[in-house]
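Each residue of the sequence shown is one higher than the last, beginning at 4 in the working numbering. Idealized CB from N, CA, C, for every residue including glycine. Source: prediction; values computed, not measured.
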Amino acid sequence: KIGSITMDNASNNNTLMEAFEKALVDLNVPFHRDGNRIRSPEWHTYLAALESDLIARVRKLVAACRVSSQRRQDLQRIIAEGNDKCSWRGKKVHRYLGEDANCPTLRLLQLLRDRETRWSSVYLMIDRFLYLYPAVRELLLDRRQSDLPDCLLTDRELGVLLDIHQILEVGHKAQELLSGERTPALSVALPSYEVVVIKWRQLQKTIPKMAPFIEKGIEKIESYMNESRKTRIYAHAMGESHSMAPVYCDLPVCSS
């Protein structure tokens, strides 16, 4: 006799429960896909995804997909075949997947490794991974790739990874602004950090489960800003340069 099965709210679990129901009913075993299912609290599944060390798993999978020229060629083949057959319809993870809603396409790109000595390398690794994930998933499911690690992500884990991507993107954009010139100007530095804090405060409201982690980043930036304000040269540079105006123009604190 089957009591209840506990699962999270991932769509693949809905499909699994439908299959369970059909198989058991065919055997005259009373079972209902919803009545015999306990859905895990959303916070528990979100926390479990965080604790699974998603970034390390992505790093491991990227390394496995790039381990040989043959593996890299296989990924390119899957992307090209998927583009020809319109296989990526309805499988969008990244917001930049194709322009045609009826037949979205993937660019023929490779996954990126992260490096400790490179700015934003973790963000760029995750960004490319999410973009190519529909093709990466097909590569993982390919029987010829049996030596690939079992790194398929659940819908919940993909959602958490997208949240991490969104948070890191704020810092990446600020870094791009500061490195936009050969010699980063002091007049742009503090306003850029202000932008990061404001954007992260907004994300704390839209992604409340990430709020404690975002707060740690905000505390670090605010500590740095407080120390920087002790140096008068920052105020002098900001007063002498008009380059800080574009930094503030899109923010609700323009009057400041």
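Neighbourhood of residue i by C-beta distance below 7 Å, restricted to the same chain and skipping five residues each side
| i | result |
| --- | --- |
| L135 | L109, L112 and L114 |
| L254 | Only weak support is given to the placement of L254: the predicted model assigns it a pLDDT of 43, under 50, and the value that follows is read from those uncertain coordinates. Closer than 7 Å at Cβ, skipping near neighbours: V198 and I201. |
| Y217 | A small fix is needed here, since residue 217 is Ile in this sequence, not Tyr. So the qualifying residues of the chain are I170, W203, L206 and Q207. |
| R131 | L112, L114 and L115 |
Distance CB(residue i)-CB(residue j) smaller than 8 Å
| i | j | result |
| --- | --- | --- |
| L78 | I167 | no |
| C154 | L64 | yes |
| R36 | E21 | yes |
| V163 | A52 | yes |
| G93 | E141 | no |
| Q73 | S123 | no |
| L143 | L133 | no |
Buried versus exposed call for residue i [16 or more other C-beta atoms within 10 Å across all chains shown]
| i | result |
| --- | --- |
| P107 | buried |
| A138 | buried |
| G38 | exposed |
| E160 | buried |
| L193 | buried |
| R232 | exposed |
| V191 | buried |
Length of the line joining the Cα atoms of residue i and residue j
| i | j | result |
| --- | --- | --- |
| C68 | A214 | 33 Å |
| N105 | L127 | 28 Å |
| E230 | G220 | 16 Å |
| A26 | R62 | 38 Å |
| T157 | S195 | 35 Å |
| T234 | L180 | 22 Å |
| K176 | K212 | 23 Å |
| V173 | P33 | 51 Å |
| D87 | R60 | 30 Å |
| E225 | S182 | 20 Å |
| A83 | I8 | 40 Å |
| I129 | E119 | 14 Å |
| L30 | N16 | 21 Å |
| E222 | W91 | 41 Å |
| V70 | R121 | 21 Å |
| E24 | C89 | 32 Å |
| M228 | D145 | 50 Å |
Cβ-based neighbour list, residue i, same chain, cut-off 8 Å, excluding 5 preceding and 5 following
| i | result |
| --- | --- |
| R80 | none |
| Q66 | Rather than Gln, the amino acid found at residue 66 in this sequence is Ala. Same-chain partners within the cutoff: R116. |
| Q148 | R74, D77 and L142 |
| C252 | The predicted model places C252 with a pLDDT of 43, which falls under 50 and marks its position as unreliable, so this point remains unresolved. |
| V28 | F34 |
Cut-off 6 Å between Cβ atoms - residues of its own chain near residue i, not counting five sequence neighbours on either side
| i | result |
| --- | --- |
| I210 | D166 |
| L19 | none |
| S259 | Note that S259 scores a pLDDT of 40, beneath 50, so its modelled location is shaky; the value from the coordinates is reported in the next line. Hits under 6 Å: none found. |
Restricting to runs no shorter than 3 residues, where is the beta strand (DSSP E) found entirely within the segment 58–139? Every candidate beta strand (DSSP E) stretch fails here, since none sits fully inside the segment 58–139 while reaching 3 residues.
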